[in-house]
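Enquirer:
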DNA sequence: TACGTAACTTTGCGCCACAAAGCTTCACCG
DNA sequence: CGGTGAAGCTTTGTGGCGCAAAGTTACGTA
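Residue numbers (this note's numbering), protein chains in the order written: chain A, 1 to 99; chain B, 101 to 199.
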């Protein structure tokens with residue numbers, strides 16, 4: 001049986017799942033690029049990133065080259081949690097995918 | 101890119117995802133069995149099932165052999181929606197699964 | 001000095017998951 | 001018959017959360 005209680009509640013939300021997927025695919029993302037890519041309001045995006053940060057899943061670095069510029073990245077714990085989440089997805093897919 | 105907006109909001113919730121997974125794996129489930137399997141309060145379970153029913157994803161048949169007894173099953177539309185959902189999961193898995 | 005932009009924070013709204021408790025219908029038992 | 005218990009469902013209440021819009025702060029530029 002699949003253990004759905006293992007589905008990390010922090011990751012199992014469309015917006016944050018999309019963020020985690022982007023962060024997992026590239027080592028670093030600037031806030032503006034995330035915002036553009038996700039078509040998300042800045043307030044909403046910041047809130048999701050804060051939730052992920054509080055969970056220890058993402059780190060942030062603030063710079064001031066000209067305009068202020070904040071970059072986000074997955075922590076080791078974040079990557080681990082994401083891979084664990086993906087593993088649950090995989091078990092669902094394997095069970096139900098036709099063919 | 102993965103289109104997260106395609107993640108069906110009705111299915112993308114732990115409880116209902118678990119229900120859909122069970123219904124997809126066996127043609128018919130009695131209410132009591134679902135409740136036992138999912139360790140969910142009956143009120144909560146009924147609410148989720150109603151949501152799925154309103155979406156046209158599950159059908160229900162009421163019988164009265166001895167005790168009242170309601171059975172639930174996936175509709176064609178429900179199966180289609182679930183497979184579509186699983187397809188999105190698969191794209192996530194394929195993109196991020198190590199190896 | 002006025003303006004614009006990045007990155008937040010605050011506020012407010014509406015929805016929803018969840019549990020607990022109540023209701024209704026029926027079968028069984030004295 | 002009247003009581004008991006179980007199945008299924010509704011109601012009520014609470015807390016949390018996604019989301020947008022507007023306000024805030026800091027800084028760099030015209």
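Every residue gets a Cβ at the ideal spot worked out from N, C-alpha and C, and that includes glycine.
1) Which residues in chain A have a C-beta closer than 7 Å to the C-beta of residue 186 of chain B? List them in chain order.
2) Which chain B residues sit within Cβ distance under 7 Å of residue 89 of chain A?
3) Any idea which residues DSSP pairs residue 163 of chain B with across the strands?
4) Mind checking residue 84 of chain A: buried by the 16 CB within 10 Å criterion, or exposed?
5) Are the region 58-72 of chain A and the region 113-125 of chain B touching by the rule of at least three beta carbon pairs closer than 8 Å?
6) Are there 16 or more other CB atoms within 10 angstroms of the CB of residue 78 of chain A, so buried, or fewer, so exposed?
7) So, helix, strand or coil for residue 7 of chain A, using DSSP?
8) Going along the chain, which residues of its own chain have a beta-carbon closer than 6 Å to the beta-carbon of residue 100 of chain A, five neighbours each way excluded?
9) Candidates A/49, A/54 and A/99: which alpha carbon is nearest residue 29 of chain A's?
10) Provide the residue span of the alpha helix (DSSP H) that contains residue 75 of chain A, from first to last.
Expert: The structure says:
1) 92, 93, 96 and 97
2) 189, 192 and 193
3) B/169
4) exposed
5) no
6) buried
7) coil
8) What the structure shows of chain A is the stretch from 1 to 99, and residue 100 of chain A is not part of that stretch, so it cannot be assessed.
9) A/49
10) Neither: residue 75 of chain A is in no alpha helix (DSSP H) and is coded neither H nor E.
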